[in-house]
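Numbering (this note's numbering), first residue to last: 6 to 152. Cβ coordinates follow ideal geometry from the N, Cα and C atoms, glycine included.
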């Protein structure tokens, strides 16, 4: 597998990963365990909600985002997360949506006291088949440098 090290990150570069098919069964199953809101688990109630149908819960979208990031090639050598900022769910993710992820590198710098790593920031978006975002956030991670 080809790896992406700190030195390989190009600020301004955007990568797209995916497609992920969101099914009714998965939306209901995930939400039943993790976020049992009626508009995530009950088709009848969801149809009468402000969404007009079943929608995936936010934590489900974060899990899909993580899965798609692991499919990125070359794969970044991430040593750890420094946090997420401005996490948003601007549009609902619905049954039969086809989701993909874009990651745009926005910043990088060496770690002052740790020459083996650097800090990389990015803008991450999970988009549906109409290129409408269903999740956005800013991400900061530690990425390994080549030895």
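Local conformation of residue i per DSSP, three classes
i, result
"residue 8", "strand"
"residue 117", "coil"
"residue 102", "coil"
"residue 43", "helix"
"residue 93", "strand"
"residue 28", "coil"
"residue 49", "helix"
"residue 136", "coil"
"residue 152", "coil"
Among the options, nearest to residue i - alpha-carbon criterion
i, options, result
"residue 12", "116, 143, 134 and 128", "116"
"residue 140", "18, 97 and 31", "97"
"residue 144", "10, 93 and 29", "93"
"residue 36", "21, 22, 68 and 132", "68"
"residue 24", "142, 49, 127 and 133", "133"
"residue 91", "142, 16 and 28", "142"
"residue 138", "70, 49 and 59", "70"
"residue 58", "73, 32, 76 and 77", "32"
"residue 77", "51, 105, 88 and 86", "105"
"residue 20", "38, 75, 50 and 46", "75"
"residue 127", "49, 66 and 89", "89"
Residue i and residue j closer than 7 Å at C-beta
i, j, result
"residue 122", "residue 150", "yes"
"residue 14", "residue 125", "yes"
"residue 130", "residue 107", "yes"
"residue 102", "residue 64", "no"
"residue 146", "residue 79", "no"
"residue 22", "residue 84", "no"
"residue 27", "residue 61", "yes"
Same chain, Cβ closer than 8 Å to residue i, five either side skipped, listed in chain order
i, result
"residue 18", "109 and 110"
"residue 120", "150"
Proximity test, Cβ basis, 7 Å: residue i and chain D
i, result
"residue 96", "The chain inventory of the structure shown lacks chain D, comprising one protein chain alone."
Proximal residues to residue i (C-beta, below 6 Å), its chain only, five neighbours per side dropped
i, result
"residue 81", "9 and 148"
"residue 54", "44"
"residue 46", "33, 36 and 37"
"residue 86", "146"
Close Cβ partners of residue i (< 7 Å) along its chain, the five nearest in sequence each way excluded
i, result
"residue 29", "59 and 100"
Original post:
Which residue spans inside the region 51-89 form an unbroken alpha helix (DSSP H) run of at least 4?
Top reply: When DSSP assignments are scanned along the region 51-89, the uninterrupted stretches of alpha helix (DSSP H) that are 4 or more residues long and fall wholly within it turn out to be 63-75.
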